[in-house]
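Trainee:
Protein chains in written order, with my numbering: chain Z, 1 to 365; chain L, 1001 to 1519.
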């Protein structure tokens, strides 16, 4: 009764609003591309073809989307608890450290059915531990997670450079990377996995991590909406006083939410290290942690929305790479601008078109 | 409506306003007589606030027209309303605590780059208003240091300084003691005597009877009565508001007291800045009685409830719940309190008692979410939760009976009934209730009070904290009065009256008739 305007129907809120946001972003992108002297229709065609044009490009799009699902879920879980975890980047990175340590220590002895689950657990555990420190500092010392998780990204980065250069570097190597993992620690590529079922697809970076990511989506959905802990977590996010009233410990719930969030961010390490690089390398999170914020926002914190948003950002990442390859005038930086505009319109300006849509619906009604 | 009323300061013709499927105001036409105090009464959701917000330019009407002094006007924004001499005093004060009265008064009308000019002009204007209306306030006092009643006077002055000739007050007495309310009503009368038109939105019929000249009753978006106050009485108004006979006085049997189920002994609490919030509070509640805690808001009742409910650990002293002793070294959280048999209906239902964004079914298990039958094998059983909610709604007449509707979409009264239902469902041994009927319509008030008495008769120890004196008087078997973190007196309900309690609430006569006065 207090809202002066009629709210949008649910489907319009979930489907139309994001589509309008994306359309507006692409409109602005088109204008910018035209200004630097490139045919924007041609550029759009190349972008779409680069992302979805072939079995291989679809594979890469899905591979990028896998990372975005993990980081998007990570941000969403914390966000449902009212916590803004900006540290997905660092948690993924340290998750990679856990993954690398587990594999480097055990891959000579353990077979794949033991090694891979163990490496996945190590990624999650280290990611969770890296998120647990800022969580603890907020819960018991009152320092805000937004600040501390950002700072922990830098700490993680510095720590990893130190470890890679001084400790974990493969003997005799000139580049700071570990020795290659044994075959028992390699997640099968999607191409190989689908071949078991007689389906032929082109080779790409896509691997079985996508399945793990989708399982995480289902797990997050069940946890948040169908368990008492998820219920308490959402209560805290919506209304901390009500959570206290209900007997939920804010401190413990903050720890739980952040640890889950960090563990999910650790999934990026699974996809990158076990699935693609097969060794511990520097800088593999490559901004996925930050883009996860936009993915979670655009996906409205719901696993299904996050999958859709991750697909969009995966397509942008892959299509953008192809685009800058085909049209030299559109540099890598230009692709980042395109992503940035999508984030701007679907994140910061997400409510901009709502009044127009409301007016549209009001007229129809 | 009536043609022979005096000149209309405001006339509304056929005002209609819908929010989605909710038809909040249905073709309302009315006249607000110039130079009189008009009471606008109705239950929550009757459309009175919506109507006034339309008049004040906050909402646009879907249809109808507004006439001020006989001229049709277009109210597109509060700026237009102010331009036409209409001012609104909101329920929640819009003052900057750290500013002086004068600084607050020039907010939004600073008068140039430097403040000095504006301040001087405001000081002169304030002096004139003080002379004309007898509205004296210390211009240089910090707002935070003023009493609530004085702060409200500053709000009224703010509106008058903008040249308002028509004053709308939205539930102005919600935060005042009875004495402060009387003073406010005197101020309104003196404003009227000097030609100001006053509209008083309220649900307290006592104020309507005491101060207004005319009264307009709204129900379900329509005006159902518009008559001189002298020609009606409180019972008739209550009946008009609800649409049926209402009986707020309770026929209670005398309490059959049992064992002490809840006790506080020398309870104290200080905040981080070492301000005393609770000071040597001792009380006992026995099974089968209702103990009322009266007091002006902010005198420690909130903290008392928090400590008793396990939300805050006691600083000093101890409490005893169903035989279990709890003190600073052995604190207990609210979940454990529920296990002990204590239930708590919190003072602020929107911030504590529920999550507005959750479904009603989710609200119906808040605090009980990890118990059977809601939680089985670590998973919430959605259908069981919905069934539970539907049962609660049936038993407590929560409308609409839709467990799948968002909690925020229910009216205040129905939200409160749902929370009460949730807390009473497990037949607690101790029931704490904060502000049982705050912002709740009359029909629901009647229901909630009866349920509380029923629960008492079933042997529950009930502690009711309320700032509404008539509520305490209606419900309690014994009354404790809190002032400044202490219990300053105890009165048996039959010896209590509003005046006596009001004086104790203001701290004027500590330990009046008191048994355990601490001062």
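Where a beta carbon is used, it is the ideal one built from N, C-alpha and C, also for glycine.
Would you say residue 226 (chain Z) reaches chain L, if we count a Cβ-Cβ gap shorter than 7 Å as a contact?
Mentor: yes
Trainee: Let me know the alpha helix (DSSP H) ranges lying completely inside the region 1287-1344 of chain L, each 4 residues or longer, listed in chain order.
Mentor: Complete alpha helix (DSSP H) runs here, min 4: 1301-1309, 1334-1340.
Trainee: Note down, in chain order, each residue of its chain lying with its Cβ closer than 6 Å to the Cβ of residue 1353 (chain L), except the 5 sequence neighbours on either side.
Mentor: 1346, 1419
Trainee: When we look at the beta-carbon of residue 1462 (chain L) and count the other beta-carbons within 10 Å, is it buried (16 or more) or exposed?
Mentor: buried
Trainee: Which residues in chain Z sit within 8 Å of residue 1367 (chain L), going by Cβ to Cβ distance?
Mentor: Near residue 1367 (chain L) (Cβ distances below 8 Å), the residues of chain Z are 245, 246, 247.
Trainee: Assuming contact is defined by CB atoms lying nearer than 7 Å, are residue 273 (chain Z) and residue 96 (chain Z) in contact in what I supplied?
Mentor: Inclusion of residue 273 (chain Z) and residue 96 (chain Z) in the CB contact set at 7 Å is warranted, their separation being smaller than that value.
Trainee: According to the neighbour-count rule (16 or more other Cβ atoms, all chains shown, within 10 Å of its Cβ), is residue 1363 (chain L) buried or exposed?
Mentor: With at least 16 other beta carbons inside 10 angstroms of its own, residue 1363 (chain L) counts as buried.
Trainee: In whole angstroms, give me the CA-to-CA distance for residue 1350 (chain L) and residue 1356 (chain L).
Mentor: 6 Å
Trainee: Below 8 Å, can you find three or more Cβ-Cβ pairs linking the region 213-223 of chain Z to the region 66-73 of chain Z?
Mentor: yes
Trainee: Could you check the C-alpha separation between residue 1251 (chain L) and residue 1411 (chain L) for me, to the nearest Å?
Mentor: 27 Å
Trainee: Just to confirm the assignment, what range does the alpha helix (DSSP H) spanning residue 88 (chain Z) have?
Mentor: 88-106
Trainee: Should the region 179-197 of chain Z be regarded as contacting the region 106-113 of chain Z, the criterion being three or more beta carbon pairs within less than 8 Å?
Mentor: yes
Trainee: For a contact defined as C-beta to C-beta under 7 Å, what are the partners of residue 1354 (chain L) on chain Z?
Mentor: 242
Trainee: Check residue 1023 (chain L) in the structure and name its three-state DSSP category.
Mentor: For residue 1023 (chain L), the secondary structure class from DSSP, reduced to helix, strand or coil, is strand.
Trainee: Could you please give the first and the last residue of the uninterrupted alpha helix (DSSP H) stretch that includes residue 987 (chain L)?
Mentor: Only positions 1001 to 1519 of chain L appear in the structure, and residue 987 (chain L) is not among them; the question remains open.
Trainee: On the DSSP bridge list, what partners appear for residue 1033 (chain L)?
Mentor: L:1008
Trainee: Pull the bridge partners of residue 1226 (chain L) from the DSSP assignment, please.
Mentor: L:1216
Trainee: Can you give the Cα-Cα distance for residue 29 (chain Z) and residue 232 (chain Z), rounded to whole angstroms?
Mentor: A direct Cα-to-Cα measurement between residue 29 (chain Z) and residue 232 (chain Z) gives close to 42 Å.
Trainee: Using the Cβ count rule (16 or more neighbours within 10 Å means buried), how would you classify residue 1286 (chain L)?
Mentor: buried
Trainee: Is residue 1419 (chain L) helix, strand or coil when you go by DSSP?
Mentor: helix
Trainee: Please state whether the Cβ-Cβ distance between residue 1038 (chain L) and residue 1214 (chain L) is less than 7 Å.
Mentor: yes
Trainee: Given residue 309 (chain Z), which residues of its chain have a CB within under 6 Å of its CB, disregarding the five upstream and five downstream residues?
Mentor: 295, 298, 299
Trainee: Which chain L residues are close to residue 232 (chain Z), counting only those with a beta carbon under 9 Å from its beta carbon?
Mentor: Chain L residues near residue 232 (chain Z): 1369, 1370.
Trainee: Using C-beta distances below 7 Å, list every residue in its chain close to residue 281 (chain Z), excluding the 5 sequence neighbours before and after it, in chain order.
Mentor: 177
Trainee: Count the other CB atoms within 10 Å of the CB of residue 1495 (chain L); is the residue buried (16 or more) or exposed (fewer)?
Mentor: exposed
Trainee: Any idea if residue 1202 (chain L) is buried or exposed, counting beta-carbon neighbours within 10 angstroms, 16 or more meaning buried?
Mentor: buried
Trainee: With hydrogens ignored, establish whether the beta-carbon of residue 1326 (chain L) is closer than 6 Å to any heavy atom of the ligand ZN.
Mentor: The model depicted lacks the ligand ZN and carries no ligand whatsoever.
Trainee: Short of 8 Å Cβ to Cβ, which residues in the region 1333-1348 of chain L face chain Z?
Mentor: Taking a C-beta cut-off of 8 Å against chain Z, the contacting residues of the region 1333-1348 of chain L are 1333, 1334, 1335, 1336, 1337, 1338, 1344, 1346, 1348, listed in chain order.
Trainee: Quick check: the Cα distance between residue 158 (chain Z) and residue 277 (chain Z), rounded to an integer number of angstroms?
Mentor: 21 Å
Trainee: What is the DSSP secondary structure of residue 4 (chain Z), counted as helix, strand or coil?
Mentor: Here the model assigns residue 4 (chain Z) a pLDDT of 44, short of 50, so the residue's position is not dependable, and the following value carries that caveat. Reduced to three states, the DSSP call for residue 4 (chain Z) is coil.
Trainee: Pairing CB atoms from the region 1073-1081 of chain L with CB atoms from the region 1027-1046 of chain L, are three or more of them under 8 Å?
Mentor: With the rule of 3 Cβ pairs closer than 8 Å, the region 1073-1081 of chain L does not count as touching the region 1027-1046 of chain L.
Trainee: Which residues bound the alpha helix (DSSP H) around residue 292 (chain Z)?
Mentor: 288-298
Trainee: Just checking, does the region 56-65 of chain Z make contact with the region 1012-1020 of chain L on the three C-beta pairs under 8 Å criterion?
Mentor: no
Trainee: With DSSP as the reference, please indicate the residues paired to residue 1166 (chain L) in a beta bridge.
Mentor: Paired residues: L:1086, L:1197.
Trainee: I'd like to know whether the C-beta of residue 254 (chain Z) is nearer than 7 Å to at least one C-beta of chain L.
Mentor: no
Trainee: Hey, residue 1469 (chain L) and residue 1178 (chain L): beta-carbon distance below 7 Å or not?
Mentor: For residue 1469 (chain L) and residue 1178 (chain L), yes; Cβs fall inside 7 Å.
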